[in-house]
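A.B. asks: Have a look at this one.
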Amino acid sequence: MAAPIRRLLVANRGEIALRIIRACRELGIESVAVCSTADVRAPHVRAADRAVTIGPPHPRDSYLNAGAIIDAARGTGAGAIHPGYGFLSEDPDMAAACAGAGLVWVGPPADVIARLGSKIEARRLMRGAGVPIVPGETPADQTGVGLAAAAERVGYPLLLKASAGGGGRGMRTVRAPGRLRQAISEARREAESAFGNGTLYVERQLIRPRHVEVQIMADDTGRVVHLHERDCSIQRRHQKVVEESPAPGLTPAVRARLTAAAVSAARAAGYRNAGTVEFLVEGAGDAADIAFLEMNTRLQVEHPVTELVTGRDLVHAQLAVAGGGALPWSQDEIAVRGHAIECRVYAERPAEGFLPDAGTLLRYREPAGPGIRVDAGVVEGGVVSPAYDALLAKLVVHGETRGRALARARAALARYVVLGVRTNLGLLSRILGHPRVAAGPVDTGFLETTLDDLLAEGGEDPALALAAALAVDARLSPRAPEAGPSAPDAVRDPWSTLGGWRLA
């Protein structure tokens, strides 16, 4: 049996690394950060108790270098590794290498990751557990000919998906055979870059579904609980942009079917630690259809909305279970209170095809107040590198009702100041203010069908423009040093920008 974790290596960067390091501080666990040469002054490096540089900027030479990460854990005396999300978090070889090195992997065992990472095996498991599935397959023949044959069997429109990962990377929509060859090339290239594996999965694309997922936790005793559901239907290019919990518009009967199916899926897989079972939901009322999409064997980017509505700290629970402990709560103790919404703040140019932006953060000010939480990976004066994901932070709000949460989120976005790189702050505000979003649930095609109108509404919202103008004025004023910490001070103390969030 594993022993409680005393020193933890965080095999990631950005906001998720800071999130895990914060949990370590709260639990009295020593933290070890790893970084590339591009990240030696990054906030997560300065926040950790120790740090190790493991390679050049390209992820394959650093954050995807399993050997270097394990060597760093051994060299610093860390007894456990938390992979966060992305990078090596769903790599069964990495989990197995940790076990072989006598290290605790904060996540499910290697065989479970492999089982659920195989689309064929995952579908077999779900079918056996009575969980409905979306039609699709991973052909053994991964040539263009083999994938084309699979596409004909599955039917159009379809999705090409990276078999080894998620998050929208390595994913392409194909509506007709003539587009397939180019889509295969693009998806494979992106999958190999993001996950080191170009294997593709072919899946039938449902018409106007919602994307609803269920958070689960399991321990070594076989206990499995769910922490209710999240709606992640507001997406662009299959990358989630806004998430919320609970999912609006679900009837109690459909909610019960989703959560029961998620628990059955976890039990069928022999799951342990935190995971997310993703579904597509079609139709309305009690007759809505649900279909298993995939199971993510890691902590999700959007886990904070679940924490805010349930009052349960998922990273604390992950570390307890990985250390051999039992789940800290029973199913009856996990209730939903209020409503939470998460907005992903990206350094990007929405009007230019969402091209990522990079540069120095000349001004960075987060909103604060009751019901507001910001999980950030950056500080004022820091550099946003083009080498990594463009996610700057996650703005998460909680309200007594969905309407109040939406209003609070828009007000917080209006007070969020980022200068030095372009962001999606204005677009996020317009999304939350759209009548269809305010009215309730939307399908996964919402952003694609409304994007032109949202972008045509003009530049930033007036409040955002005013906040930026005031920030520039303060920056140029001779009295600027009195207005807040200098950029070097902010970098030296990354916790100064995290807002001291608490579970609502």
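Position one of the sequence shown corresponds to residue -8 (our numbering), numbered consecutively onward.
Even glycine gets a Cβ: it sits at the ideal position worked out from N, Cα and C.
Because the structure is a prediction, the values reported are computed rather than measured.
(1) Does the segment 190 to 201 touch the segment 209 to 216, meaning 3 or more C-beta pairs lie closer than 8 Å?
(2) What does the alpha-carbon distance come out to for the pair C334 and E81?
(3) Check each candidate in R228, G417, S236 and name the one with the smallest Cα separation from E220.
(4) Need the endpoints of the alpha helix (DSSP H) that A174 sits in, please.
(5) From what residue to what residue does the alpha helix (DSSP H) around D84 run?
(6) Looking only at its chain, what residues have a beta carbon closer than 6 Å to the beta carbon of A252, apart from the 5 residues adjacent to it on each side?
(7) Less than 7 Å separating the Cβ of L397 from some heavy atom of the ligand ZN?
(8) For the structure I just gave you, are there three or more beta carbon pairs, one from the segment -7 to 3 and one from the segment 352 to 368, closer than 8 Å?
(9) On the criterion of 16 or more Cβ atoms from any shown chain inside 10 Å, does R166 qualify as buried, or is it exposed?
(10) Run through DSSP, which three-state label would F437 get?
(11) As a quick exercise: from L410, A87, G161, E204, pick the residue whose alpha carbon is nearest that of A247.
(12) Rounded to the nearest angstrom, what separates A101 and G431 at their Cα positions?
(13) Suppose the cutoff is 6 Å on Cβ atoms and the five residues either side in sequence are ignored; what does the same chain contact list for D280 look like?
(14) Would you call T129 buried or exposed, if buried means 16 or more other Cβ atoms sit within 10 Å of its Cβ?
(15) Would you check if there are 3 or more beta carbon pairs closer than 8 Å linking the segment 54 to 65 to the segment 259 to 270?
(16) With DSSP as the reference, label E343 as helix, strand or coil.
(17) Reducing DSSP to helix, strand and coil, say where T129 ends up.
(18) Rounded to whole angstroms, how far is the Cβ of A2 from the Cβ of H73, which I believe are closer than 8 Å?
(19) For P47, which of A378, R172, G70, P319 has the nearest alpha-carbon?
(20) Let me know if D84 comes out buried or exposed under the rule of 16 or more other beta-carbons within 10 Å of its beta-carbon.
(21) Can I11 and G75 be called in contact, C-beta distance under 8 Å?
C.D. replies: Let's see:
(1) Look at the beta carbons and you see the segment 209 to 216 not touching the segment 190 to 201: under three pairs across the two are nearer than 8 Å.
(2) Sequence index remark: in the sequence shown, residue 334 carries index 343 (1-based). Sequence index remark: in the sequence shown, residue 81 carries index 90 (1-based). Approximately 24 Å, taken between the alpha carbons.
(3) Position 229 of the sequence shown, counting from 1, holds the residue named residue 220. Taking the Cα of E220 as reference, the smallest distance to any Cα among R228, G417, S236 is reached at S236.
(4) Walking along the sequence shown from the start, residue 174 turns up at place 183. Secondary structure note for A174: its alpha helix (DSSP H) is the uninterrupted segment 171 to 186.
(5) Counted from its first residue, the sequence shown places residue 84 at position 93. It spans 83 to 91 - the alpha helix (DSSP H) in which D84 sits, taken as one unbroken run.
(6) Position 261 of the sequence shown holds residue 252. Hits under 6 Å: V122.
(7) Summarising the ligand content, the structure contains no ligands, and the ligand ZN is consequently not present.
(8) With a cut-off of 8 Å on Cβ pairs, the segment -7 to 3 is not in contact with the segment 352 to 368, counting fewer than three such pairs.
(9) Mapped onto the sequence shown, residue 166 falls at position 175. Around the CB of R166, fewer than 16 other CB atoms lie within 10 Å, so the residue is classed as exposed.
(10) As a working note, residue 437 is residue 446 in the sequence shown. The answer is helix: DSSP assigns F437 an H, G or I state.
(11) One-based indexing of the sequence shown puts residue 247 at position 256. The shortest Cα separation from A247 among L410, A87, G161, E204 belongs to E204.
(12) For this step, residue 101 is matched to residue 110 along the sequence shown. For this step, residue 431 is matched to residue 440 along the sequence shown. Whole-angstrom Cα-Cα distance: 39 Å.
(13) Here residue 280 refers to the residue found at position 289 when the sequence shown is read from its first residue. Apart from the 5 residues on each side of it in sequence, D280 sits with its Cβ closer than 6 Å to the Cβ of E273, G274 in its chain, given in chain order.
(14) By one-based count along the sequence shown, residue 129 stands at place 138. Around the Cβ of T129, a 10 Å sphere holds 16 or more other Cβ atoms; the residue is buried.
(15) With a cut-off of 8 Å, the segment 259 to 270 and the segment 54 to 65 do not count as touching, because too few Cβ pairs lie within range.
(16) Locating residue 343 in the sequence shown gives position 352, where the first residue counts as 1. Helix at E343.
(17) For this step, residue 129 is matched to residue 138 along the sequence shown. Residue state for T129 is assigned as coil, using DSSP reduced to three classes.
(18) One-based indexing of the sequence shown puts residue 2 at position 11. One-based indexing of the sequence shown puts residue 73 at position 82. Indeed they touch by this definition, with Cβ atoms about 7 Å apart.
(19) Stepping through the sequence shown from its first residue, residue 47 is reached at position 56. Out of A378, R172, G70, P319, A378 has the C-alpha closest to the C-alpha of P47.
(20) By 1-based counting over the sequence shown, the position of residue 84 is 93. Label assigned to D84: exposed.
(21) By one-based count along the sequence shown, residue 11 stands at place 20. By one-based count along the sequence shown, residue 75 stands at place 84. Result yes, Cβ atoms of I11 and G75 sit closer than 8 Å.
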